[in-house]
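Trainee: End of the sequence shown = 373 in the numbering used here, gap-free, step of one.
Cβ atoms here follow ideal geometry from the backbone N, Cα and C, with glycine treated the same way.
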Amino acid sequence: EHMFSVDDRAQKMRAMIMAESEDERRSTLDELLPLQQGDFEGLFEEMRGLPVTIRLLDPPLHEFLPDGEEVAQKVERARIEQSDDLEELERTLARIHSLAETNPMLGTRGVRLAILAPEVYEMQVRAVLRAAKAVTERSGDAPTVEVMIPLVTYEKELELMRALVERVAEEELDGDGVELHIGTMIELPRACFVADRIAEHADFFSFGTNDLTQTALGFSRDDVEAGFLNRYMEEKIVGRSPFETIDKPGVGWLVRLAAWVGRERKPELKLGICGEHGGDPESVVFFHIAGLDYVSCSPFRVPIARVAAAQAAVAHGPGELAAAAQAAIEAGQAAQEALGDEDPGANGGSG
Numbered sequence: 023e024h025m026f027s028v029d030d031r032a033q034k035m036r037a038m039i040m041a042e043s044e045d046e047r048r049s050t051l052d053e054l055l056p057l058q059q060g061d062f063e064g065l066f067e068e069m070r071g072l073p074v075t076i077r078l079l080d081p082p083l084h085e086f087l088p089d090g091e092e093v094a095q096k097v098e099r100a101r102i103e104q105s106d107d108l109e110e111l112e113r114t115l116a117r118i119h120s121l122a123e124t125n126p127m128l129g130t131r132g133v134r135l136a137i138l139a140p141e142v143y144e145m146q147v148r149a150v151l152r153a154a155k156a157v158t159e160r161s162g163d164a165p166t167v168e169v170m171i172p173l174v175t176y177e178k179e180l181e182l183m184r185a186l187v188e189r190v191a192e193e194e195l196d197g198d199g200v201e202l203h204i205g206t207m208i209e210l211p212r213a214c215f216v217a218d219r220i221a222e223h224a225d226f227f228s229f230g231t232n233d234l235t236q237t238a239l240g241f242s243r244d245d246v247e248a249g250f251l252n253r254y255m256e257e258k259i260v261g262r263s264p265f266e267t268i269d270k271p272g273v274g275w276l277v278r279l280a281a282w283v284g285r286e287r288k289p290e291l292k293l294g295i296c297g298e299h300g301g302d303p304e305s306v307v308f309f310h311i312a313g314l315d316y317v318s319c320s321p322f323r324v325p326i327a328r329v330a331a332a333q334a335a336v337a338h339g340p341g342e343l344a345a346a347a348q349a350a351i352e353a354g355q356a357a358q359e360a361l362g363d364e365d366p367g368a369n370g371g372s373g
């Protein structure tokens, strides 16, 4: 989403959001496509054939619109001055109000936005694949592209998005050597519980442990850190901030469960995490024991993560990993036995 906040792209994004029809949206997206393609070409050139994971648009659309209070003030001034801009300002303010959400973090964002406006993801995927094709033709280094869908809760969401990505790939790629993988972020508790179903449509999982921590613990990070978290640590309710070191018994268990049931359904499933926990040494050790393949973190944390990963590999050998996997298997089997034959997708599920 940061790519849409530079140059004149923010204005184009606002025009797309303000569009009143799909045709208008597609027209603006056509203007954004070459800009996105240029960004991705630069990324692929730097990576020189190494795998590149690209998460598609995640935040809610209102984040790309101007501040509502500022626009309201401009509307009032325009009314007083009888400005020619009044109608456009009123339309912008109405759109801001229509997109406003009480809890945007759990609202219309990620894959949910793509279900409502699939042309947005279609543009991004097309830009990614055209960039990969162009770099391959210029350099001969065919990128390995991993397209990641955020905020998946139901397997049907990923099934629909996989079909979209594959359709665009059929249109854009023609034996160009570009290797394409499609996966999802696992960042909500339900996604962990039904990871086996989601795995049917995924080549990889990337655990978004920042949002998973918030949704599993019921913690709003900004409010918690400004409020009671320090007192909780003083009272030994928590040892360290769960946003810095993974909460092993809770959030960590969800990661282990999803890793197990996902690989039970698809043994070749690639597993990793992205977020601040990927640069925390204690968390990196936990992820290694849980059987994850990689961690992703901010650039300045990469040296720390590399050292922690090496130490974890030396200290925790295959025997311990096998024991951890067996424990997860037994717990998962116990949960399945407790559920009996009940369909986990019932009561609103998509199974």
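Just reading off the alpha helix (DSSP H) that residue 148 is part of, what are its end residues?
Mentor: Counting from 1 along the sequence shown, the entry for residue 148 is found at position 126. Note, residue 148: alpha helix (DSSP H), 140-161.
Trainee: Do residue 133 and residue 190 have their beta-carbon atoms positioned less than 7 Å apart in this structure?
Mentor: By one-based count along the sequence shown, residue 190 stands at place 168. By one-based count along the sequence shown, residue 133 stands at place 111. Not closer than 7 Å, so no.
Trainee: For my contact list, residue 36 and residue 141 are in at a C-beta cut-off of 8 Å; report their separation, rounded to the angstrom.
Mentor: Along the sequence shown, read from residue 1 onward, the residue named residue 36 stands at position 14. Along the sequence shown, read from residue 1 onward, the residue named residue 141 stands at position 119. In fact, because the Cβ distance is near 16 Å, the residues do not count as touching under 8 Å.
Trainee: With DSSP as the reference, label residue 75 as helix, strand or coil.
Mentor: Counted from its first residue, the sequence shown places residue 75 at position 53. DSSP places residue 75 in strand when its eight states are reduced to three.
Trainee: Since residue 172 and residue 123 should fall inside the 8 Å C-beta cutoff, what is the C-beta to C-beta distance between them, to a whole number of angstroms?
Mentor: Numbered from its first residue, the sequence shown carries residue 172 at position 150. Numbered from its first residue, the sequence shown carries residue 123 at position 101. The Cβ separation is near 17 Å, so there is no contact.
Trainee: Cα-Cα, which of 232, 300, 216 is closest to residue 281?
Mentor: Taking the first residue of the sequence shown as position 1, residue 281 is located at position 259. The candidate whose alpha carbon is nearest that of residue 281 is 216.
Trainee: Check for me: the beta strand (DSSP E) holding residue 205 runs from which residue to which?
Mentor: Mapped onto the sequence shown, residue 205 falls at position 183. 201-208 is the span of the beta strand (DSSP E), which, as asked, contains residue 205.
Trainee: Looking at C-alpha atoms only, which residue of 316, 224, 73 is the closest neighbour of residue 174?
Mentor: Within the sequence shown, numbered from 1, the residue matching residue 174 stands at position 152. Of 316, 224, 73, the residue nearest in Cα terms is 224.
Trainee: Check this for me: beta carbons of residue 40 and residue 117, under 7 Å apart or not?
Mentor: The count along the sequence shown starts at 1 and reaches residue 40 at position 18. The count along the sequence shown starts at 1 and reaches residue 117 at position 95. Yes, the pair counts as a contact, with Cβ atoms nearer than the cut-off.
Trainee: Put residue 257 into one of helix, strand or coil per three-state DSSP.
Mentor: Position 235 of the sequence shown, counted from the first residue, corresponds to residue 257. Note: residue 257 maps to coil in three-state DSSP.
Trainee: Quick check: residue 238 and residue 271, are their CB atoms within less than 7 Å of each other?
Mentor: As a first step, residue 238 is located in the sequence shown; it is residue number 216 there, counting from the start. As a first step, residue 271 is located in the sequence shown; it is residue number 249 there, counting from the start. No. Outside cutoff.
Trainee: Near residue 206, which residues of its chain fall below 7 Å by C-beta distance, leaving aside the five closest residues on each side in sequence?
Mentor: Counting from one through the sequence shown, the residue named residue 206 turns up at place 184. Same-chain partners within the cutoff: 170, 171, 174, 180, 220, 224, 227.
Trainee: Write down the C-beta distance between residue 63 and residue 153 rounded to the nearest angstrom, noting that I regard them as a contact closer than 8 Å.
Mentor: Position 41 of the sequence shown, counted from the first residue, corresponds to residue 63. Position 131 of the sequence shown, counted from the first residue, corresponds to residue 153. That belief holds up - the Cβ atoms of residue 63 and residue 153 are roughly 4 Å apart, short of 8 Å.
Trainee: How long is the line joining the alpha carbons of residue 88 and residue 51, rounded to whole angstroms?
Mentor: What you label residue 88 is simply residue 66 of the sequence shown in a count that begins at 1. What you label residue 51 is simply residue 29 of the sequence shown in a count that begins at 1. So the two alpha carbons sit approximately 19 Å from each other.
Trainee: Just the Cα atoms here: how many angstroms apart are residue 25 and residue 199?
Mentor: In the sequence shown, the residue the question calls residue 25 occupies position 3. In the sequence shown, the residue the question calls residue 199 occupies position 177. Cα-Cα distance, rounded: 26 Å.
Trainee: Which residue spans inside the region 255-311 form an unbroken alpha helix (DSSP H) run of at least 4?
Mentor: Listed in chain order, the complete alpha helix (DSSP H) runs (minimum 4 residues) inside the region 255-311 are 275-287, 303-311.
Trainee: Please name the residue, chosen from 177, 322, 242, 31, that lies closest to residue 284 on a Cα-to-Cα basis.
Mentor: Here residue 284 corresponds to residue number 262 of the sequence shown, with the count starting at 1. The shortest C-alpha separation from residue 284 is found at 177.
Trainee: For residue 293 versus residue 269, is the C-beta spacing smaller than 7 Å?
Mentor: To locate residue 293, count along the sequence shown from 1; it is residue 271. To locate residue 269, count along the sequence shown from 1; it is residue 247. Contact: no.
Trainee: Name the DSSP beta bridge partners of residue 169, please?
Mentor: Locating residue 169 in the sequence shown gives position 147, counting from the first residue. Answer by DSSP bridge pairing, in chain order: 76, 204.
Trainee: With 16 other CB atoms within 10 Å as the buried threshold, where does residue 278 fall?
Mentor: On the sequence shown, position 256 is the one that residue 278 refers to. Buried: at least 16 other Cβ atoms inside 10 Å.
Trainee: DSSP has residue 226 in a bridge; who is on the other side?
Mentor: Position 204 of the sequence shown, counted from the start, is the residue given in the question as residue 226. DSSP, once it has assigned bridges, lists 205, 292 as partnering residue 226.
Trainee: Assuming the contact rule is C-beta atoms closer than 8 Å, residue 302 and residue 266 should be a hit. Round their C-beta distance to whole Å, please.
Mentor: Within the sequence shown, residue 302 is the residue found at index 280, counting from 1. Within the sequence shown, residue 266 is the residue found at index 244, counting from 1. Going by Cβ atoms, the distance from residue 302 to residue 266 rounds to 6 Å, so yes, they are a contact pair.
Trainee: Under 7 Å, do residue 55 and residue 145 count as touching if we go by C-beta distance?
Mentor: Taking the first residue of the sequence shown as position 1, residue 55 is located at position 33. Taking the first residue of the sequence shown as position 1, residue 145 is located at position 123. Yes, Cβ-Cβ distance for residue 55 and residue 145 is below 7 Å.
Trainee: Where do the N-terminal and C-terminal ends of the beta strand (DSSP E) with residue 318 fall, by residue?
Mentor: Taking the first residue of the sequence shown as 1, we reach residue 318 at position 296. Taken as a continuous stretch (DSSP letters only), the beta strand (DSSP E) holding residue 318 covers 316-318.
Trainee: Taking the continuous alpha helix (DSSP H) assigned at residue 36, which residues delimit it?
Mentor: Residue 36 sits at position 14 when you count from the first residue of the sequence shown. From DSSP, the alpha helix (DSSP H) with residue 36 extends over 31-40.
Trainee: Report the option in 80, 33, 113 whose CA atom is closest to the CA atom of residue 96.
Mentor: One-based indexing of the sequence shown puts residue 96 at position 74. Nearest option by C-alpha distance: 113.
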